[in-house]
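Q: I am attaching a structure below and will ask some questions about it afterwards.
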Amino acid sequence: MAEPPVIVKKVIKKKGHGHHGGAWKLAYADFVTAMMAFFLLMWLLGSTDEVTKRGISEYFQDPYEASRIDKGKVPTLDEIDPTQLDKQAEQEDKKQLETLKIKIEKMIKEDKNLGDLKDQIQLVITPEGLRVQIVDDKKTPMFKLGSAKTEPQIRTILRALAPVINKLPNKITINGHTDSKPFPDISKQYTNWELSSERANAARFELKDGGYDEKKILRVSGLGDSVPLNTKDPLDPVNRRISIIVMNKKTELQLLEEVGNKVTPAGKTAPAEHGSAEQTAKSETEKTDEPHGEGVDKAATHESEKPAAEPVNTETASKPEADAAHESNVEAGDKATTHEQEKPAAEPAKTEAEHKPEGEKPPEH
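Note that numbering that gives the first Met the number 0 numbers the sequence shown so that position 269 is 268, with each residue one more than the last.
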């Protein structure tokens with residue numbers, strides 16, 4: 000009997016409806032990411048300016064050319080505005096002076112010896128620089144009355160200021176001032192001008208003793224009572240003061256030009272001075288045998304002292320004589336320069352100083 004065929008039946012067990020796997024999650028995540036990128040791009044394009052948009056457009060058109068960095072044009076020395084450099088230098092100079100002012104104020108507060116004298120030290124930033132004024136007081140004068148002899152108070156102040164001011168390369172000026180109280184009639188040769196000058200010089204000595212570099216002192220002067228601090232009361236003790244100006248570079252250059260030491264910027268040739276070698280040689284070739292120290296004005300004066308030639312009276316003279324006189328005058332006018340050059344220079348009159356015997360000097364004023 001034949002065996003029946005074997006039939007294998009595969010049974011699939013069905014369960015409840017599941018989530019059908021996680022493939023849809025990946026697709027949805029890709030979609031959300033793309034939408035977020037799209038809206039972010041829209042927002043960026045809406046908030047950028049036209050220049051940026053043009054740059055982005057050029058980048059996608061030609062990425063190689065657009066990726067090159069435009070370094071621009073390097074400015075040359077001729078194209079740099081000197082006024083801008085001057086402004087920057089002035090600002091930097093002003094910052095240094097303001098820092099110096101703060102340091103001095105801090106030093107006055109911390110130094111016990113200067114605590115009682117702080118009201119007599121005035122610090123002001125001016126267009127010239129930092130002005131440090133040491134003023135007098137009825138109770139604590141800085142100098143002996145009517146004298147340039149320093150008191151201990153001003154010696155303490157100046158010797159404390161010296162190392163602080165010396166840290167800057169800026170040059171300084173020292174000015175002495177007095178009040179309007181006149182000296183007695185017996186001292187006509189000694190006035191407030193001499194007193195203020197000697198007090199300014201005494202302040203210079205004290206700064207030097209305090210360690211200040213004397214080469215940075217550009218000018219020491221006395222102004223007498225011409226610039227009072229209290230204009231309403233010329234006799235006020237505050238008018239007796241020492242003013243130290245830590246100059247900025249602009250004021251320093253102006254002062255150097257005033258005294259004749261002109262500063263020529265780099266790259267420029269200084270103009271010929273009045274006493275240059277070329278002008279000296281030219282003036283010596285034009286000079287005659289006149290003595291040393293006599294100028295052109297004196298030579299002209301000596302020539303004017305010569306007796307003038309007697310004029311010809313053309314009205315009384317005969318016609319031939321008048322014609323001859325006219326021709327001689329014309330020739331004299333044409334050759335005036337030649338005659339003056341050929342004539343030897345007249346010996347100038349001796350001055351009062353030359354008449355005096357040797358060794359005797361004129362009185363000084």
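Where a beta carbon is used, it is the ideal one built from N, C-alpha and C, also for glycine.
To the nearest whole angstrom, what separates the beta carbons of Arg203 and Ile164, a pair I think is in contact under 8 angstroms?
A: Contact flag wrong, Cβ pair sits at about 13 angstroms.
Q: On the three-state DSSP scale, how would you describe Ile6?
A: Of the three classes helix, strand and coil, the one that applies to Ile6 here is coil, per DSSP.
Q: Mapping the DSSP letters down to three states, classify Thr125 as helix, strand or coil.
A: Correct three-state label for Thr125: strand.
Q: Inspect the CB distances between the region 122-134 and the region 99-114 and report whether three or more fall short of 8 angstroms.
A: Yes, the region 122-134 touches the region 99-114.
Q: Give me, in chain order, the residues of the same chain whose beta-carbon lies closer than 8 angstroms to that of Asn229; leave out the 5 immediate sequence neighbours on both sides.
A: Here the set comprises Asp235, Val237 and Asn238.
Q: Inspect the beta-carbon positions of Asn169 and Val245 and report whether they are closer than 8 angstroms.
A: Yes, the Cβ-Cβ distance between Asn169 and Val245 is below 8 angstroms.
Q: If contacts are defined as beta-carbon pairs under 8 angstroms, then Gly221 and Gly175 qualify, I think. What distance do you get, rounded to the angstrom?
A: 4 angstroms between Cβ atoms; contact.
Q: Looking only at C-alpha atoms, which of Thr47, Ser146, Thr82 and Lys52 sits nearest to Arg365?
A: Outside the shown range of the chain (0 to 364) lies residue 365, about which nothing can therefore be said.
Q: Would you kindly work out how many angstroms separate the C-alpha atoms of Glu89 and Ala36, rounded to a whole number?
A: If I take the Cα positions, the gap works out to 53 angstroms.
Q: Would you call the region 182-196 and the region 103-116 touching, i.e. three or more CB-CB distances under 8 angstroms?
A: As far as the Cβ criterion goes, the region 182-196 does not touch the region 103-116, which means the pair count is below three.
Q: Just the C-alpha distance for Lys166 and Pro140, rounded to the nearest angstrom, thanks.
A: One C-alpha to the other measures close to 28 angstroms.
Q: Going along the chain, which residues of its own chain have a beta-carbon closer than 7 angstroms to the beta-carbon of Val10, five neighbours each way excluded?
A: Closer than 7 angstroms at the Cβ level, and outside the excluded window around Val10, lies no residue.
Q: Please classify Ala199: is it buried, with 16 or more other beta-carbons within 10 angstroms of its beta-carbon, or exposed?
A: That one is buried.
Q: When the distance is taken between beta carbons, is Ile171 closer than 8 angstroms to Ile153?
A: No. Outside cutoff.
Q: Which whole-angstrom value describes the C-beta separation of Ala161 and Leu206, a residue pair presumed to lie in contact below a C-beta threshold of 8 angstroms?
A: About 5 angstroms; that satisfies the 8 angstroms criterion.
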